[in-house]
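K.L.:
Structure below; questions to follow.
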Amino acid sequence: MFYEWKFVLEKLTDHFVSVSGRNMALNPSEQEVSTSFDTARGLFDQLCGETSAKRVRRDGQLKITTLVRLLRQLEPSKTPRVFKKRKRSEQRAGSQSTTML
């Protein structure tokens with residue numbers, strides 16, 4: 001669970017830096033924290049909207065694991081195709097040749 005929170009906070013920090021163009025203060029006041037969160041909260045706007053079942057997704061109702069999954073889905077895959085579908089015709093031909101021996 002710690003990893004998920006760390007992941008989300010890093011994404012919020014990265015979003016804040018990219019939008020505001022400055023780093024977060026080390027010892028911010030309450031006002032700075034509030035305005036910083038309002039800026040970083042813009043990341044949630046990308047995640048909210050409709051689900052695949054056409055239901056409205058509200059940021060206040062997201063669980064941390066769902067939030068992490070949605071944030072990961074925003075990033076493009078590092079490999080061009082993670083899953084490569086196997087060719088069944090070659091597999092069947094290979095299995096038939098071993099059974100004939």
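The opening residue of the sequence shown carries number 1 in UniProt numbering; numbering runs sequentially from there. Beta carbons: idealized from backbone N, C-alpha and C, even for Gly. None of these values were measured; they are calculated from a predicted model.
1. Tell me where the alpha helix (DSSP H) around threonine 35 begins and ends.
2. Which residue's Cα is closest to the Cα of glutamine 42: Phe16, Pro76, Thr51, Gln73?
3. Measuring CB to CB, does leucine 12 end up less than 7 Å from leucine 47?
4. Exposed or buried, alanine 40, counting other C-beta atoms within 10 Å across all chains shown (16 or more means buried)?
5. Does the Cβ-Cβ distance between leucine 2 and valine 68 come in under 7 Å?
P.N.:
Concretely, from the data shown:
1. 30 to 40
2. What sits at residue 42 in the sequence shown is glycine, not glutamine. Ranking the options by Cα distance to glycine 42, first place goes to Phe16.
3. no
4. buried
5. Position check: residue 2 holds phenylalanine in this sequence, whereas leucine was assumed. For phenylalanine 2 and valine 68, no; Cβs fall outside 7 Å.
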